[in-house]
Amino acid sequence: MGDGQGVNMRDIWGYPYRLGIGIFLVVSTFLMTVLFVAFTAWLERSFKKERERK
Amino acid sequence: MEAKVATQAGDLKSRIKKAAAENMVPEDTVLVWPNLVYIELISMLFATAVLLFLSLVSPAPLEEMASKDTTPNPTKAPWYFLGLQELLVFFDPWLAGVVLPSLIIVGLIAIPYIDYNPRGKGYYSFSERKFALWGFSFGLALWYILIFIGVWFRGLDWSWYWPWDDWSHHQPASAVKLVDLEVLLQGWLGLSDAPLISIGTYNFSVANLITWAIFFGYYGLGFTIPFLFLRDFYKKLGFIRYNITMFLFLSMIGVPLKMAVRLLANIKYVLITPWFKI
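So this is what it looks like as structure tokens:
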């Protein structure tokens, strides 16, 4: 895809690293989102426990 | 009939829960002064102490006096603006520098007016506010990742450098050229670039009109699918709130999507208009 100008993409991991950057961007954004959501879920659980203890 | 009764029972249950959350008995509550204000004051002092400590151990990265003889390469914005600077790689300057920041600010201001879900007021709740928290977390994560890229992965000429690359050498010229979607469509479908419609001095070819259709198709589908399949979501928000929410949400998702299209499919611009390029 996008390689319509007869350019040989021999090294997809070589400069300009577009595949690598693309994967990095998608995966790291997803992982950080999951981390934030996991933190909020953990906060909810610990606050609930605290409320129940009272 | 049974389903209707079950739904009504569910509604009643959620209404009781909501009323309980909003009308807590005085014994379950505390006064703002001194209980809350004390905690806020202590937090403020603690944050100040942490900032003071950090600024002492890690001084601000101020450089030498500016000189026209030694232009820094790359010229990087302060770290908190590097996300915006990184967006400039992927978007038209007008979009990256004006439209997207404005949408972020307006969107954040609009949240209290759009999100009137009373759940989570007065107590912390993730399970009752999943869409809001996932959406916000995604936007925040994307913003941090863009800053992270700008700080740690951009070197000479704003080229991408992995940590194991030699940062003192310029990266070679790109071996793969970026192509506009319009040009790709012309090649794939054998279309000419002759204008099909002309409005004033602006000309629109068939391939260009297809890219307009793809662009509006993205927003169109994004607005329609939740409207058809998540009726409760639509009903809770109402027409105006739903449309504003979906516009902001789809625009937010569209940013990394457009970046991924460029990075993974080598497409430079998805849509070319006489005024700007996306």
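Protein sequences, first through last, are from chains R and S.
Note that this note's numbering has the first sequence beginning at 1166, numbered continuously upward.
Note that this note's numbering has the second sequence beginning at -16, numbered continuously upward.
Each residue gets a CB set at the ideal place from its N, CA and C atoms; glycine is no exception.
Here the structure is a predicted model, which means the values were calculated and not measured.
Taking only three categories from DSSP, how would you classify Tyr217 of chain S? helix
Count the other CB atoms, across all protein chains shown, that sit within 10 Å of the CB of Gly122 of chain S; report buried if there are 16 or more and exposed otherwise. buried
Using only the alpha-carbon positions, how far apart do Asn191 of chain S and Ile255 of chain S sit? 7 angstroms
Between the region 167 to 179 of chain S and the region 187 to 203 of chain S, do three or more beta carbon pairs fall short of 8 angstroms? yes
Shorter than 8 angstroms from the beta carbon of Glu1217 of chain R to some beta carbon of chain S? no
Kindly indicate which three-state DSSP category Pro1181 of chain R falls into: helix, strand or coil? coil
Val89 of chain S to Gly80 of chain S span [Cα, whole Å]: 14 angstroms
Interface flag, Met242 of chain S vs chain R, CB-CB below 8 angstroms: yes
Lys241 of chain S: buried (16+ other C-beta within 10 angstroms of its C-beta) or exposed? buried
What are the residues in the region 95 to 109 of chain S lying within 8 angstroms of chain R by C-beta distance? Tyr106, Tyr107, Ser108, Phe109
Taking C-beta to C-beta, are Ile227 of chain S and Ile92 of chain S nearer than 8 angstroms? no
Does any residue of chain S bring its CB to less than 8 angstroms from the CB of Gly1169 of chain R? For Gly1169 of chain R, the predicted structure reports a pLDDT of 43, less than 50, and the residue's modelled location is therefore unreliable. A value from the coordinates is still provided. Yes - at least one Cβ of chain S is within 8 angstroms of the one on Gly1169 of chain R.
If you check the beta carbons only, do Asp140 of chain S and His152 of chain S fall under 8 angstroms apart? no
Assuming contact is defined by CB atoms lying nearer than 8 angstroms, are Ala243 of chain S and Thr1198 of chain R in contact in what I supplied? no
Run of the alpha helix (DSSP H) containing Leu123 of chain S, from where it starts to where it stops: 113 to 135
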